[in-house]
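Here is the structure we will look at.
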Amino acid sequence: MAKVLMKGNEAIALAAIKGGVDAFYGYPITPQNEVPEYLSKHLLANGKVFLQSESEVSAINMVYGAAGAGARVMTSSSSPGIALKQEGISYIAAAELPCLIVSVMRGGPGLGGIQPSQADYYQATRGGGNGDYSLIVYAPETIQEVADTIKESFDIADYYRNPVMVLVDGLIGQMMESVDFDKPIKERFLPEKDWATNGTANHPGRRNVANSLQIDPNALEQHNIHLQEKYNLIKKNETRYEMINFDDPEYVIVAYGTMARICRSAIEMLNKEGIKVGMIRPISLFPYPEKAFDEIPKNAKGILCAELSMGQMLDDVLIANNGRHKVGFFGRSGGMLPDPEEIVDAIKNFSERVVK
Amino acid sequence: MAETTVKYEKTKGLTDKPLSYCPGCTHGIIHKLVAEALVDLDILDKTIAIASVGCSVFSYEFFNCDAQQAPHGRACAEATGIKRVLPDNIVFTYQGDGDLASIGIAETIHAANRGENITVIFVNNAIYGMTGGQMAPTSLPGQKTTTSQNGRDTDWTGGPIKISEMLATIDSVAYLERVSVHDPKNYLKAKKAIKKAFQYQKEKRGFSMIEIVSTCPVNWGMKPVDAMNWVKEEMIPVFPLGVFKDKGADNE
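Top line first, the protein sequences correspond to chains A and B. Positions 6 to 361 (my numbering) are the ones given, in order, by the first sequence. Positions 808 to 1059 (my numbering) are the ones given, in order, by the second sequence.
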């Protein structure tokens, strides 16, 4: 298949089909509606499952059921809808079931707005569900990267028996770019799902149970220790980031997704003016690419964290920086997108941006 | 020497795990009826049970088949997720009245409305048992609970919600019956109803639910025998027994 021009949300849907999705359960919400619309047409036509649920709460629990039964399953939603899914996400993570959750962020809090935002970084990486759990969170920047990530995310979820979230914003969901859907993905050895609740006829002599209840505190603590060990393995193996223009930079911008695209333009403008600026672009938000910060030259003047929020990834930047450099922040929110000139200005007047 | 013949043995549909239910509670009887139906219909090895939140939260340890444990109220959504990807398996939920009729009423109604080919075992004892006896959506008018200490005031909290009657209005529901296990005659009726519900699922007729009017002697503050009498004299007049929907009977 040659490159095709495609809208972000539709590319998410087609990439999921290419990734072997068996079932989609979801509830309409702007700005991600093209995902279920595309899948409703193409999954049902191919004998797969598409079902519009009565709520996001219900959708994520349908995902829980199907994931437990061994299917490749996904849901997609946007900010207030992802908020409603948090209960189910915690259960799925606790029961160690694989699935894909697509989050197309819009402005918040509350009903907020429908324009692009990155104000759900905490929601994705810290989670609104209860307990010590983590999702594997990827935040692609282009529609090509969206498609590649979605395709691979099912394998990653299966490999670690952990939900994967692909986090984009309404801009990536709504814009069009050319995409090649046949780019190969990393081959992984995926063990058989011998834990699936598909009837004991499929695994005689053993009952399979998908469960998150551990009434014995000892057992629950052991389960949490096991989960942390898994998350540490994920940190070791699945951390992704890109270093851009990292040739002895005076300043380093840290930005992901749509904000990283805007910052690329700003960096070009700054370089033309003779100000050397590089960028760390986290692709995995959990695990966070802390080791990239070790590459920042000792004499760099500062790090600017740029987000479409009031400062959420900033926490991870401060942790990763660990006091080594001055850290500044630039953020727009509510669905407002900055011009590259605003980033240029923030670098030129870095001292006014310093938070720590 | 006389030959030994087995007159009775525990159903293979239940594990050997001791039940966690209180003395006099009817969950044990209902577990047995469900398990026997799965064995009688020869579907145990393709069944997935959904345990809900409440006293029956541990039922995934009791039914001798694959199982999933659902968040509070979400059993019918979880069952839907499974059944849609495994349409040839048997999927049932086991839910109390707090789980099904309060927090999970949306999931229940919409699963019924989609005609999901699943079976719901709805145990209605008019109280929150596991959390210690709070008022349920099915608590009777005037019923004393830990959160309605002067008796349920229907002007303030509404009256007992009647799930079977509500679901009977939905076209895609295949089979709906309310039963009780408070005496041997009703026990036999309940046994028949539960088996029929699973038979319908096996035949892919659509959504089936059996509501069992049930006891909670501990939280009602009654002896087991008094609790059985309370079912008969107080609960059944509010929750009348009978078949509310039977698509098979309509068609045959």
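Here a beta-carbon is modelled for each residue, glycine too, at the ideal position from N, C-alpha and C.
For the alpha helix (DSSP H) holding residue i, just list the boundary residues, first then last.
| i | result |
| --- | --- |
| residue 178(A) | 175-179 |
| residue 905(B) | Run containing residue 905(B): none; DSSP gives neither H nor E here. |
| residue 116(A) | No alpha helix (DSSP H) holds residue 116(A); DSSP gives it neither H nor E. |
| residue 238(A) | 222-243 |
| residue 1035(B) | 1031-1037 |
| residue 1003(B) | 991-1009 |
| residue 336(A) | Residue 336(A) -> not in any alpha helix (DSSP H); beta strand (DSSP E) instead, spanning 332-336. |
| residue 875(B) | Note, residue 875(B): premise wrong, no alpha helix (DSSP H); beta strand (DSSP E) at 873-876. |
| residue 810(B) | No alpha helix (DSSP H) contains residue 810(B), which DSSP labels as neither H nor E. |
| residue 847(B) | 834-847 |
What do you reckon, are the CB atoms on residue i and residue j nearer than 7 Å?
| i | j | result |
| --- | --- | --- |
| residue 870(B) | residue 926(B) | no |
| residue 904(B) | residue 964(B) | no |
| residue 356(A) | residue 124(A) | no |
| residue 292(A) | residue 240(A) | yes |
| residue 898(B) | residue 882(B) | no |
| residue 892(B) | residue 71(A) | yes |
| residue 330(A) | residue 307(A) | yes |
| residue 309(A) | residue 258(A) | yes |
| residue 213(A) | residue 873(B) | yes |
| residue 947(B) | residue 1025(B) | no |
| residue 151(A) | residue 7(A) | no |
| residue 1054(B) | residue 981(B) | yes |
| residue 919(B) | residue 1014(B) | yes |
| residue 54(A) | residue 81(A) | no |
| residue 133(A) | residue 179(A) | no |
Can you tell me where the beta strand (DSSP E) with residue i in it begins and where it stops?
| i | result |
| --- | --- |
| residue 260(A) | Neither: residue 260(A) is in no beta strand (DSSP E) and is coded neither H nor E. |
| residue 30(A) | 28-31 |
| residue 355(A) | Element bounds for residue 355(A): not the beta strand (DSSP E) but the alpha helix (DSSP H), 355-358. |
| residue 78(A) | 78-82 |
| residue 881(B) | Here residue 881(B) belongs to no beta strand (DSSP E), and DSSP marks it neither H nor E. |
| residue 57(A) | 54-57 |
| residue 39(A) | Segment 39-50 is the alpha helix (DSSP H) holding residue 39(A); no beta strand (DSSP E) there. |
Might you give, ordered along the chain, the residues of its own chain that have their beta carbon closer than 8 Å to the beta carbon of residue i, omitting 5 neighbours on each side?
| i | result |
| --- | --- |
| residue 47(A) | 18, 19 and 22 |
| residue 896(B) | 853, 854, 855, 889 and 890 |
| residue 97(A) | 65, 68, 69, 72, 104 and 168 |
| residue 153(A) | 20, 145, 188 and 190 |
Below 8 Å on C-beta distance, what does residue i contact in chain A?
| i | result |
| --- | --- |
| residue 864(B) | 218 |
| residue 889(B) | 70, 71, 73, 74 and 202 |
| residue 842(B) | In chain order: nothing, as chain A lies at least about 13 Å away. |
| residue 832(B) | Result: empty, since nearest Cβ-Cβ is about 19 Å, beyond 8 Å. |
Give me, in chain order, the residues of the same chain whose beta-carbon lies closer than 6 Å to that of residue i; leave out the 5 immediate sequence neighbours on both sides.
| i | result |
| --- | --- |
| residue 818(B) | 842, 843 and 846 |
| residue 119(A) | 35, 36 and 111 |
| residue 909(B) | 944 |
| residue 185(A) | 8 |
| residue 319(A) | 310 and 334 |
| residue 26(A) | 77 and 79 |
| residue 135(A) | 95 |
| residue 260(A) | 268 and 311 |
| residue 245(A) | 288 and 289 |
List the residues of chain A whose Cβ lies closer than 7 Å to the Cβ of residue i, in chain order.
| i | result |
| --- | --- |
| residue 878(B) | 66, 92, 93 and 96 |
| residue 805(B) | The structure shown has nothing for residue 805(B), since chain B only spans 808 to 1059. |
| residue 985(B) | Those within 7 Å of residue 985(B) in chain A number zero; the least Cβ separation is about 24 Å. |
Excluding the five sequence neighbours on either side, which residues of its own chain have a C-beta within less than 7 Å of the C-beta of residue i, listed in chain order?
| i | result |
| --- | --- |
| residue 243(A) | 141, 161, 289 and 292 |
| residue 147(A) | 182 |
| residue 58(A) | 30, 31, 32, 64 and 67 |
| residue 216(A) | 100 |
| residue 247(A) | 286 and 288 |
| residue 1052(B) | 975, 980, 982 and 983 |
| residue 940(B) | 934, 952, 953 and 1026 |
| residue 1029(B) | 1037 |
List, in chain order, every chain B residue whose beta-carbon is nearer than 8 Å to that of residue i.
| i | result |
| --- | --- |
| residue 321(A) | Neighbours of residue 321(A) on chain B: none; closest Cβ ~29 Å, over 8 Å. |
| residue 27(A) | 892 |
For a contact defined as C-beta to C-beta under 7 Å, what are the partners of residue i on chain B?
| i | result |
| --- | --- |
| residue 206(A) | 852 and 853 |
Starting from the beta carbon of residue i, find every residue of chain B whose beta carbon is closer than 9 Å, and list them in chain order.
| i | result |
| --- | --- |
| residue 269(A) | Per Cβ cutoff of 9 Å: no residues; residue 269(A) is ~41 Å from chain B at best. |
| residue 56(A) | 887, 888, 891 and 921 |
| residue 50(A) | Going along chain B, no residue has its Cβ under 9 Å from residue 50(A), so there is no contact; the nearest lies around 16 Å. |
| residue 60(A) | 884, 913, 914 and 917 |
Which residues of chain A have a Cβ atom closer than 9 Å to the Cβ of residue i, listed in chain order?
| i | result |
| --- | --- |
| residue 1072(B) | With chain B covering only 808 through 1059, there is no way to say anything about residue 1072(B). |
Stretch pair the stretch 281-301 of chain A + the stretch 242-261 of chain A: three plus CB contacts closer than 8 Å: A contact exists between the stretch 281-301 of chain A and the stretch 242-261 of chain A.
Indicate whether the contact test is met: 3 or more Cβ pairs, each with one atom in the stretch 340-349 of chain A and one in the stretch 267-276 of chain A, closer than 8 Å. They touch, by the three-pair rule.
Is the stretch 1029-1040 of chain B touching the stretch 951-958 of chain B in the sense that three or more CB pairs, one from each, lie closer than 8 Å? No, they do not touch.
Counting beta carbon pairs with one atom in the stretch 823-835 of chain B and one in the stretch 858-869 of chain B, are three or more of them shorter than 8 Å? Remark: three or more beta-carbon pairs, one from each stretch, lie closer than 8 Å, so the stretch 858-869 of chain B and the stretch 823-835 of chain B are flagged as touching.
contact_flag[the stretch 60-76 of chain A, the stretch 35-47 of chain A] where n(CB pairs < 8 Å) is 3 or more: At 8 Å Cβ cutoff, the stretches do not touch.
Quick check: the stretch 187-204 of chain A against the stretch 828-840 of chain B, are at least 3 beta-carbon pairs closer than 8 Å? Taking 8 Å as the limit for Cβ pairs, the verdict is that the stretch 187-204 of chain A does not touch the stretch 828-840 of chain B.
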